[in-house]
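Each step along the sequence shown adds one to the number in the working numbering, with nothing skipped, and position 170 is 191. Where is the CB? At the ideal position from N, CA and C, for every residue including glycine. Quantities reported herein were computed from a predicted structural model and do not represent experimental measurements. Take a look at the structure below.
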Amino acid sequence: SLSSNESLLLLVVVVVVAVVVVVAVVVVVVVVVAVVVVVVVVVVVVVAVVVVVVVVIVVLVVVLAVLVVVVVVVVVVVVLIVVVVEVVVVVLVVVVVLVIIIVSSISCSDLSRPDRQQDLPVTMNIWNIFLVVVGMLSLLATSVASPLEEEKQVERRGRRRLIAANKIRKGSKSSSSG
22 SLSSNESLLL
32 LVVVVVVAVV
42 VVVAVVVVVV
52 VVVAVVVVVV
62 VVVVVVVAVV
72 VVVVVVIVVL
82 VVVLAVLVVV
92 VVVVVVVVVL
102 IVVVVEVVVV
112 VLVVVVVLVI
122 IIVSSISCSD
132 LSRPDRQQDL
142 PVTMNIWNIF
152 LVVVGMLSLL
162 ATSVASPLEE
172 EKQVERRGRR
182 RLIAANKIRK
192 GSKSSSSG
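Below, the structure written as structure tokens:
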């Protein structure tokens, strides 16, 4: 009952509507795909940044731990070396003193016999060696202790000068304000 023009017009309208619907669906699909791609890219970038930050933090923690271990090992080694040196020095001093005492007591007991009277120079040499060793040890102790003592004295003098300068400043402020 429709005329040919009306049916042609209806066909054109249906085709146009169908094309518009297809284009709209394609546009929606393209937009959805683009949004999904953008979201995936953002997620990948965020995950990459988080991974890099975590790796940097782990590397820093490992480096810090290694530094702490190295410092502790160095301190322990230095302390052990100092303790061992002190123990060795004390043991050597004790051994030298004991040897000198034993040798001198044996020499002195032998000197009471007339045939051993000529050993007196040997005993005197032992005492001279003992005195030289004690003198060297005392010089060593003094050479170790004197720089520390000088440093303390310089520090004390500096404090005294600072206190005196502060007193002078306070005195000049109070006299100028009064």
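Exercise. Is the number of C-beta pairs between the stretch 148 to 159 and the stretch 114 to 121 that are closer than 8 angstroms three or more?
Worked result: yes
Problem set entry | Euclidean distance between Cα positions of V42 and V35 | Taking the sequence shown and counting its residues from 1, the one referred to as residue 42 is at position 21. Taking the sequence shown and counting its residues from 1, the one referred to as residue 35 is at position 14. Straight-line Cα distance between these residues: approximately 10 angstroms.
Exercise. Does L31 come within less than 7 angstroms of chain B when only Cβ atoms are used?
Worked result: In the structure shown, chain B cannot be found, because there is only a single protein chain.
Problem set entry | Pair within 7 angstroms by beta-carbon distance, V117 and V154 | On the sequence shown, position 96 is the one that residue 117 refers to. On the sequence shown, position 133 is the one that residue 154 refers to. Yes. Within cutoff.
Problem set entry | Backbone CA spacing between V58 and V64 [nearest angstrom] | Residue mapping note: residue 58 aligns to position 37 of the sequence shown, counting from 1. Residue mapping note: residue 64 aligns to position 43 of the sequence shown, counting from 1. Cα to Cα, the separation comes out at about 10 angstroms.
Problem set entry | Residues near V72 by beta carbon distance below 6 angstroms, same chain, minus five either side | By 1-based counting over the sequence shown, the position of residue 72 is 51. Taken in chain order, the list of residues that qualify is empty.
Problem set entry | Spatial distance of L31 from A55 (CA atoms) | In the sequence shown, the residue the question calls residue 31 occupies position 10. In the sequence shown, the residue the question calls residue 55 occupies position 34. Their Cα atoms are separated by approximately 36 angstroms.
Exercise. For V61, which residues from the same chain have a beta carbon less than 8 angstroms from its beta carbon, with the 5 sequence-adjacent residues on both sides left out?
Worked result: As a position in the sequence shown, residue 61 is number 40, starting the count at 1. Around V61: no qualifying Cβ.
Exercise. In whole angstroms, what separates the C-alpha of V108 from that of V96?
Worked result: Taking the sequence shown and counting its residues from 1, one reaches residue 108 at position 87. Taking the sequence shown and counting its residues from 1, one reaches residue 96 at position 75. One alpha carbon belongs to V108, the other to V96, and they sit about 18 angstroms apart.
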